Amino acid sequence: MEFPKPCRRCLLEQAGETNLAKSVAERVALIPEENKAEEKLYRKRLEICRGCDFLISGVCGKCGCYVEIRAARLSGYCPAAKPLW
């Protein structure tokens, strides 16, 4: 069985993980509004993640989280030694 090559610097949708992207989006929608980052901050965080060498098919290579969930949480943070956001 051959597995698809991981997509570096891609979020789930761009990596072809449509079903997983939908599931993650549903999870993000469940975050209470008071705990959710504003849309502008969320988009900025994701843009920074897209430029990171640790991002592989929507997963952070430093901690293993789905970056779209981490970025959506107001209390979310970058786990790199020198945080990018």
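Numbering (this note's numbering), first residue to last: 10 to 94. Virtual Cβ for every residue (Gly too), placed ideally from N, Cα, C. Because the structure is a prediction, the values reported are computed rather than measured.
Check	Outcome
For the putative contact between Glu77 and Leu21, defined by C-beta atoms under 8 Å, what is the C-beta separation to the nearest angstrom?	7 Å
List, from N- to C-terminal side, the alpha helix (DSSP H) runs of 4 residues or more that fit wholly inside the region 45-91.	48-59 and 76-81
Would Gly85 pass as a contact of Arg54 if the rule is Cβ separation under 9 Å?	yes
Report the three-state DSSP secondary structure of Arg36 (helix, strand or coil).	helix
Using 8 Å as the threshold, is the region 22-41 in touch with the region 86-93, meaning 3 or more CB pairs across them?	no
Rounding to the nearest angstrom, what Cα-Cα distance links Ala30 and Phe63 in this structure?	18 Å
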